[in-house]
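Peer 1: With full-length UniProt numbering as the guide, the letters of the sequence shown map in order to residues 1 to 151. No residue lacks a Cβ here, since even glycine has one placed at the ideal position from N, Cα and C. Please read all numbers here as calculations on a predicted model, not as lab measurements.
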Amino acid sequence: MQKQYKKILVAMDGSKEAERALKKAVHVAKRNDATLYIAHIVDMRAFETVSSYDETLATNAKKEAEAALAQYVEYANEHQFEKVETVIRIGVPKIVLSEDLPKELGIDLIMIGATGLNAMERILLGSVSSYVSVHAKSDVLVVRTDMDNKQ
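Structure (structure tokens):
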């Protein structure tokens, strides 16, 4: 029996790994006639080192995310797929992607790049993709390869 996904979430952080996940997510969503939710999570930890939190930091981060998401939607449209919605949240990416958004949106598949962090960030913060793959209640596809299945 083949499962058909109806609501697919892809997490975008600007990395090449995330862009690979987006490209595959567009094709999976198209094949399943699903709605694709493209999400960018503004990481709260990025503001922890700022001594006096300034609302403009979050506003600027959201504006940059909106511009990036518009490009991702354009990519989907160029590939004849228009059932796309964008999501921007401020929070801890691991939690938002594995718990909050899937519950809120009824996600049945999460697609995420293998890692967008460098080695030191993975040691200190842990991989978002690892956390999501362990804690999400829905299916998770960790994308490691490009559209030709090459690394």
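Based on the DSSP secondary-structure assignment, which residues constitute the bridge partners of Arg89?
Peer 2: Looking at the DSSP assignment, Arg89 forms a beta bridge with Ile41.
Peer 1: Excluding the 5 residues preceding and the 5 following Gln4 in the sequence, name in chain order all residues of the same chain whose CB lies nearer than 6 Å to its CB.
Peer 2: Counting only Cβ-Cβ distances below 6 Å, and skipping sequence neighbours, we find Asn32.
Peer 1: Once DSSP output is grouped into helix, strand and coil, what is the label at Thr145?
Peer 2: Coil.
Peer 1: When you compare only the Cα positions, how much space is there between Gly91 and Ser15?
Peer 2: Cα to Cα, the separation comes out at about 18 Å.
Peer 1: Less than 7 Å between C-beta atoms, sequence neighbours within five positions excluded: which residues of the same chain meet that for Glu66?
Peer 2: Once the five neighbours on either side are set aside, the close Cβ partners of Glu66 are Ile88.
Peer 1: Between the C-alpha atoms of Ala61 and Val42, what's the straight-line distance to the nearest angstrom?
Peer 2: For Ala61 and Val42, the distance between alpha carbons rounds to 7 Å.
Peer 1: Kindly indicate which residue of Ala136, Val128, Asp148, His79 has the alpha-carbon position closest to the one of Gly106.
Peer 2: It is Ala136.
Peer 1: Distance check for Asn149 and Leu36, CA to CA, integer angstroms please.
Peer 2: Looking at the two C-alpha atoms, the distance is approximately 21 Å.
Peer 1: Can you tell me where the beta strand (DSSP E) with Val10 in it begins and where it stops?
Peer 2: 7-11 is the extent of the beta strand (DSSP E) around Val10.
Peer 1: Determine the DSSP secondary structure at Ser138, reduced to helix, strand or coil.
Peer 2: Note: Ser138 maps to coil in three-state DSSP.
Peer 1: Taking 6 Å as the limit between beta carbons, can you name the residues of its chain near Arg144, skipping five residues before and five after?
Peer 2: Within the same chain, Arg144 has close Cβ partners Ala114.
Peer 1: Go ahead and pull the three-state DSSP assignment for Ile95.
Peer 2: In the structure shown, Ile95 sits in a helix (DSSP, three-state: H, G or I).
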